[in-house]
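These notes concern the structure reproduced below.
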């Protein structure tokens, strides 16, 4: 049995690399731990279904595997493989043994997956231990001979001449790996204790089910190797005449499971003491120097695996059935053997599947409701940060011009009726009656009690409220937002979240069944955020991320930004970054990263979609928003699902054993119900469509893989093209990055230095796109190795020659723009636009209803040529490149002549009327 406990430990540890719960995910390490865990569980005598039920179980598990994400998909795949493997080699022993290990591992993983989810939900609300447990850990550390004191949820330790604060968290005392081992161990004990139903236990004339203690004492008689005998011809087993000591099989589980719980509970403070001792030892090794990264060891899956040696040993020695000698196994009936158990009725499978599907649908379903009028008001009162009032144009540059919400406000105005509540206007009921959705962003001044009451009343009456915060309480934004959030019983924490191993690169991808707010989101990168403390609010985490760590503000810096260090006072694991709550008849969303909606970042993948998704969700109302109605409805539906499951179990107990097919049916039902909820929510809240004219330029990511900006920041070497993309919204156009045929859905298509192969499907789609009126702009450079630009240009009578690379002064029909060029591609065909000396380097042509422009001057438009950073004030040569870029884009979209723009005529971004006029020509 020691091997089985080791297998459970490996499976418990597999969730860390599988999910990336603490450190980034490692598929290889996850596969190794799951395979080894399944191999070690091969000795567990799990009951296996007969042939027909095995095929049913395999089919149902494949349905579940098709819909579940990794690593959760492993459990149904293991069951499906275990059902098929022994049938493929019926005359060999190892497939049956491997099948038992795979089934046991799958059941353990299923239980552990639920535990890991519950753990992430619980710790994302609060990582800190309550004071009694915090005091307990303080006493444990004192036993190590250290000077300590418990300060709220921190342990103050005096070491190396200074006081270090160590966070006393659930992750330290009861980590997810140890709890997963406990849950997995209970599953294994249940398998040993309950090989058949209670009715079969009473009625069968064969051997009764064994309690765990009997599993230790009774020897299964092994047959000598040779041809297998028909199991029905064997004499009764030696333990067939044993009296039934326990009438109900589940009762036999209580004692060993209780002992396992006690063993883990006893180990938890010992484990925490070992980890704390290890941390203090690392502090001593750092000496008087600041111990910046002593906590990085807690992210290691190897440390968690080693620390499971304690509970594995305790379970082996203390739990009944765990100290059995290797020569005393109890065999399970092989797959396909006829002892002969009756099959699970199809009706019971259907009832189990339908019941779990109902519960899954209810669990994921958010009552979307019907849309409101779409009036959105942004509060500029009490906020001087990231204003919407300053235009994002081609005249002003630097941080003040770029760090605003002007572009995202303009973008939202194409979908909703936008308005502002300015500093001089009051926040009262009369003002708030003019909107359906209220947006409060990064306040820099306190709200008055009457204003807070007016906002709460607005939500109570059915309004939608979006609160946008920022990291570390910068400008006291979290302090002031928490005044507004107090009636809704959640808070913005005054912290900053980093991602383990790559602090400033956090990517978010919606889960398999997303909340409606994020259901249309592509993978998105955060800048940096704070976290949400849900408190006692009734809501749901729309975005909950693991693999993060949190640090408090550094008040001695201008923006309160702490250094990204694995400090002893950090919290780590899962955190809430977008919280959805209901209050009265209204809805509230709390978002924690205001930076991503600033001009320099707003149109990177997922960010504009997130803003639209949040506004769209808040612009809906449902009768289920009322808690007094929602809870009874949910209770009735949940009761129906539970009754269906109970009926299926009862029918199975009456007419046959509760087999793996029943569990597989429930698993398939859960995945189908979850998928149905996701589909229903997509139908109820489809992507919003523009109601006002707009021009969208798509930046191709099918054949182009040049570096673009992430979080607004460009590559340091200047070889990317992030600023080229960022500057397009200054013209009043909007950008999006897309790939495949989806890239051909905008009003214009920008392809920058293409190097990937052009598929026939994409080329034909591009030809059809331009012929129907699309606008194509291809930029290339002589230093672009392996260019495929000509594969895009040849169908339109254009081409580029990378070998000539002329150098000199760039000019159009007159001397403008007079920019020095070190090298360029020669462009053949079309209407000449630009020359270097006498060599044509840019041209435009028409094709059917569309326009194509080819530019061989990529090097002057890369980030180095455009100033390297969006905060930089451009000098005259850089501004000249800006103006050239603006006019090239306008020449593409508006068909404008390429001529020297007067400096005083540098026009503002396009209005909606301008966009309407342009759209009429596209």
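Numbering (this note's numbering), first residue to last: 292 to 1213. Just so it is clear, CB atoms sit at the ideal spot from N, CA and C, and this is done for glycine as well. From a predicted model like this one, the values you see are computed outputs, not experimental measurements.
Opposing strand residues paired with residue i [DSSP bridges]
| i | result |
| --- | --- |
| residue 373 | For residue 373, which the question treats as bridged, DSSP gives no partner whatsoever. |
| residue 685 | Beta-bridge pairing links residue 685 to no other residue. |
| residue 1066 | 1039, 1142 |
| residue 820 | 788 |
| residue 840 | 789, 863 |
| residue 668 | 710, 729 |
| residue 1108 | 1102 |
| residue 779 | Note: residue 779 sits in no beta bridge, so no partner. |
| residue 1122 | 1135 |
| residue 1090 | 1119 |
| residue 453 | 450 |
| residue 991 | 1029 |
| residue 662 | 911 |
| residue 870 | 832, 881 |
Cβ pair residue i, residue j closer than 8 Å
| i | j | result |
| --- | --- | --- |
| residue 667 | residue 585 | no |
| residue 601 | residue 431 | no |
| residue 853 | residue 842 | yes |
| residue 808 | residue 833 | yes |
| residue 1000 | residue 1016 | yes |
| residue 1002 | residue 311 | no |
| residue 307 | residue 592 | yes |
| residue 822 | residue 866 | yes |
| residue 400 | residue 366 | yes |
| residue 397 | residue 369 | yes |
| residue 644 | residue 956 | yes |
| residue 651 | residue 961 | yes |
| residue 599 | residue 468 | yes |
| residue 1108 | residue 1185 | no |
| residue 1039 | residue 812 | no |
| residue 725 | residue 704 | no |
| residue 356 | residue 371 | yes |
Inter-residue CB distance, residue i and residue j (contact presumed, cutoff 8 Å)
| i | j | result |
| --- | --- | --- |
| residue 1229 | residue 735 | Limits of the chain in this structure are 292 at one end and 1213 at the other, which puts residue 1229 out of reach. |
| residue 925 | residue 1154 | 52 Å between Cβ atoms; not a contact. |
| residue 420 | residue 473 | The Cβ separation is near 18 Å, so there is no contact. |
| residue 337 | residue 482 | 5 Å |
Nearest-angstrom Cα separation, counted from residue j out to residue i
| i | j | result |
| --- | --- | --- |
| residue 461 | residue 846 | 27 Å |
| residue 715 | residue 669 | 14 Å |
| residue 1073 | residue 1132 | 11 Å |
| residue 1144 | residue 1178 | 12 Å |
| residue 1119 | residue 1075 | 18 Å |
| residue 879 | residue 806 | 14 Å |
| residue 676 | residue 771 | 13 Å |
| residue 1166 | residue 1112 | 17 Å |
| residue 491 | residue 550 | For residue 491, the pLDDT reaches just 44, beneath the cut-off of 50, and the residue's location in the model is therefore unreliable, leaving the point undetermined. |
| residue 941 | residue 647 | 15 Å |
| residue 1046 | residue 1150 | 15 Å |
| residue 817 | residue 1123 | 43 Å |
| residue 302 | residue 478 | 12 Å |
| residue 681 | residue 907 | 25 Å |
| residue 874 | residue 786 | 26 Å |
| residue 329 | residue 392 | 5 Å |
| residue 470 | residue 408 | 12 Å |
| residue 901 | residue 1092 | 42 Å |
| residue 803 | residue 954 | 21 Å |
Own chain partners of residue i with C-beta closer than 6 Å, once the 5 adjacent residues on each side are dropped
| i | result |
| --- | --- |
| residue 693 | 890, 891, 1161 |
| residue 1156 | 1172 |
| residue 756 | 729, 750, 879 |
| residue 784 | 821, 822, 824 |
| residue 1105 | none |
Other residues of its chain near residue i: CB distance less than 8 Å, five sequence neighbours each side excluded
| i | result |
| --- | --- |
| residue 1031 | 993, 1053 |
| residue 683 | 692, 693, 695, 697, 698, 701, 890, 1020, 1021, 1200 |
| residue 791 | 313, 314, 315, 590, 838, 839, 840, 863 |
| residue 719 | 741, 742, 745 |
| residue 913 | 658, 659, 660, 661 |
Cutoff 7 Å; reference residue i; Cβ partners in own chain excluding five residues on either side
| i | result |
| --- | --- |
| residue 447 | 439, 440, 454, 456 |
| residue 649 | 928, 931, 932, 935, 964 |
| residue 674 | 732, 733, 734, 735 |
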